[in-house]
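First residue of the sequence shown? That's 369 in this note's numbering, and the numbers climb one at a time after it.
All C-beta atoms in this analysis are idealised placements derived from N, C-alpha and C, irrespective of residue type, glycine included.
Remember, it's a predicted structure, so these values are computed and weren't measured experimentally.
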Amino acid sequence: TQTTRPQRLLAAVQKNATRGDPRSVVKAIDQFCRQKEWAMNVGDEKGCILDSVVTEVNPATVLELGTYCAYSTVRIASLLPPHAKLITLEFNPHNAAIARQVIAWAGLGDKIQLVEGASGDWIPKMKEKFAIETFDLVFLDHWKDRYLPDTKLMEECGLLRKGSILLADNVICPGTPDYLEYIRNSPRYKSQYFRSHLEYTKVEDGLEKSVFLG
Ligand SMILES: Cc1ccc(Cc2cc(O)c(O)c(C(=O)NC/C=C/[C@H]3O[C@@H](n4cnc5c(N)ncnc54)[C@H](O)[C@@H]3O)c2)cc1
Ligand SMILES: [Mg+2]
Numbered sequence: 369t370q371t372t373r374p375q376r377l378l379a380a381v382q383k384n385a386t387r388g389d390p391r392s393v394v395k396a397i398d399q400f401c402r403q404k405e406w407a408m409n410v411g412d413e414k415g416c417i418l419d420s421v422v423t424e425v426n427p428a429t430v431l432e433l434g435t436y437c438a439y440s441t442v443r444i445a446s447l448l449p450p451h452a453k454l455i456t457l458e459f460n461p462h463n464a465a466i467a468r469q470v471i472a473w474a475g476l477g478d479k480i481q482l483v484e485g486a487s488g489d490w491i492p493k494m495k496e497k498f499a500i501e502t503f504d505l506v507f508l509d510h511w512k513d514r515y516l517p518d519t520k521l522m523e524e525c526g527l528l529r530k531g532s533i534l535l536a537d538n539v540i541c542p543g544t545p546d547y548l549e550y551i552r553n554s555p556r557y558k559s560q561y562f563r564s565h566l567e568y569t570k571v572e573d574g575l576e577k578s579v580f581l582g
């Protein structure tokens with residue numbers, strides 16, 4: 369029977385990456401996407417910008433919206449200090465199953481908690497279910513029309529503190545116009561655009577980094 373793209377991506381990780389070596393998992397996925405099949409991972413070019421933001425923030429608590437195959441999950445977690453926690457939300461059971469295996473191969477199971485469910489349902493439960501006060505860093509990479517409602521939801525649920533960083537993928541392609549409009553005009557955020565390219569292509573895309581001012 370036909371395999372799915374996430375299954376073929378996982379097979380490439382298990383074939384080409386070293387168990388317990390997160391950066392080799394990242395490299396194997398990028399190689400698969402460049403040489404075999406494009407997939408919607410943040411990728412190596414935008415990934416370097418992601419790395420620099422993670423290193424600068426040095427977060428103790430991270431929330432990722434949209435795990436997909438856990439490429440950015442592993443990339444972020446590989447840079448976290450000991451005892452830091454990353455919670456990632458994924459509502460597609462098939463993608464979640466693949467992501468769990470990619471995370472396991474990278475050996476990052478103790479830093480990453482993958483929650484299978486929709487961001488809109490789980491953001492309001494974060495504090496009680498995961499003993500989270502606020503998130504130091506949020507990486508938005510799920511359906512693009514959810515960036516704005518979920519950001520407002522995180523504000524309402526008190527999950528952001530003065531200095532929390534939101535980093536949003538794809539603000540140009542596919543694009544998140546309502547989110548950009550809100551975040552760039554709100555007095556509660558200070559935003560910065562990092563110009564780059566859509567993963568594995570020459571098409572323009574970029575990341576928007578926003579600091580919550582409280
Ligand atoms: C026109 C066009 C099309 C596609 C592209 C290329 C392109 C490039 C990119 O970097 C992209 O991130 C995307 C993109 O669409 N990403 C959406 C990613 C979803 C994953 O997250 C999951 N999910 C979606 N909403 C939720 C939610 N509420 N709660 C929990 N999980 C959610 C899904 O289950 C998927 O696992 C597309 C460029 C241009
Ligand atoms: Mg993306």
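Here the distance from the Cβ of Val410 to the nearest heavy atom of ligand 2 is below 7 Å. By the Cβ test, the region 445 to 461 is in contact with the region 416 to 434, since at least three Cβ pairs between them sit closer than 8 Å. For Asp537, the shortest C-beta to heavy atom distance toward ligand 1 is below 7 Å. With distances taken between CA atoms, Ala536 lies nearest to Phe562 out of Arg556, Tyr436, Phe562.
Ranked by how close their Cα comes to the Cα of Thr423, the residues Ser440, Ile444, Ala407, Glu405 have Ile444 in first place.
Runs of alpha helix (DSSP H) with 4 or more residues, each lying fully within the region 461 to 549, are found at 461 to 474, 487 to 490, 494 to 498, 515 to 524, listed in chain order. With a minimum length of 4 residues, the unbroken runs of alpha helix (DSSP H) contained wholly in the region 381 to 427 fall at 390 to 403, 411 to 425. No Cβ-Cβ contact shorter than 8 Å links Tyr515 with Ala467. If you check the CB distance, Val579 and Ile533 come in under 8 Å.
The Cβ-Cβ distance between Ser564 and Ile397 does not fall below 8 Å.
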